[in-house]
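Per my numbering, the sequence shown starts with residue 1130, numbered consecutively. Even for Gly, the Cβ is constructed at its ideal location relative to N, Cα and C.
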Amino acid sequence: MRTPDEIRLDAPARVLTLHWPDGETQRIAYAQLRAACLCAGCRRIRLAGSTAAAVVSPHVTLSGIEPMGYGVQLLFSDGHARGIYPWSLLHALGRDEPAGEAVPPARSPARLPEASR
């Protein structure tokens, strides 16, 4: 996956703007980003049948971005800073509509075949 040429925080609009090398520009709401977190805690919430969006304030802001090679770590105003957002996830979130509804699907825990138990 390519990396964006530019990343900007739009604090008044609570939106992360990504400018991609092909000229595409994407705007992703902070709350949508927070709800899409891939950390173990947020995955656990989704596996329990809830959505991370249910526990995310619509007023959450981004207080920082840390580069992580294949993506970024986003630092949120609610103290959450555990998930790494790969470029491919950010690109996919930027295509989802409406903002705030996109959450990666939770994967079911792997199950051993009956004979292996």
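Would you call residue i buried or exposed, if buried means 16 or more other Cβ atoms sit within 10 Å of its Cβ?
i        : result
Gly-1212 : buried
Ala-1158 : buried
Glu-1135 : exposed
Leu-1176 : exposed
Going by CA-CA distance only, name the one from the options that's closest to residue i.
i        : options                         : result
Pro-1133 : Arg-1224, Leu-1204 and His-1220 : His-1220
Gly-1223 : Ala-1140, Ala-1160 and Pro-1141 : Ala-1160
Val-1144 : Cys-1166, Ile-1174 and Val-1189 : Val-1189
Ser-1192 : Arg-1131, Asp-1139 and Glu-1135 : Asp-1139
Ser-1206 : Arg-1137, Cys-1168 and Leu-1162 : Leu-1162
Asp-1225 : Gln-1155, Asp-1151 and Arg-1172 : Gln-1155
Ala-1142 : Ala-1164, Pro-1187 and Gly-1170 : Pro-1187
Taking a contact to mean a Cβ-Cβ separation below 8 Å, would you say residue i touches residue j in this structure?
i        : j        : result
Ile-1194 : Val-1185 : no
Ala-1210 : Leu-1204 : yes
- request: Quick one: which unbroken beta strand (DSSP E) runs of 3-plus residues sit fully inside the region 1147-1215? Chain order, please.
  value: 1154-1158, 1191-1196, 1200-1205 and 1213-1215
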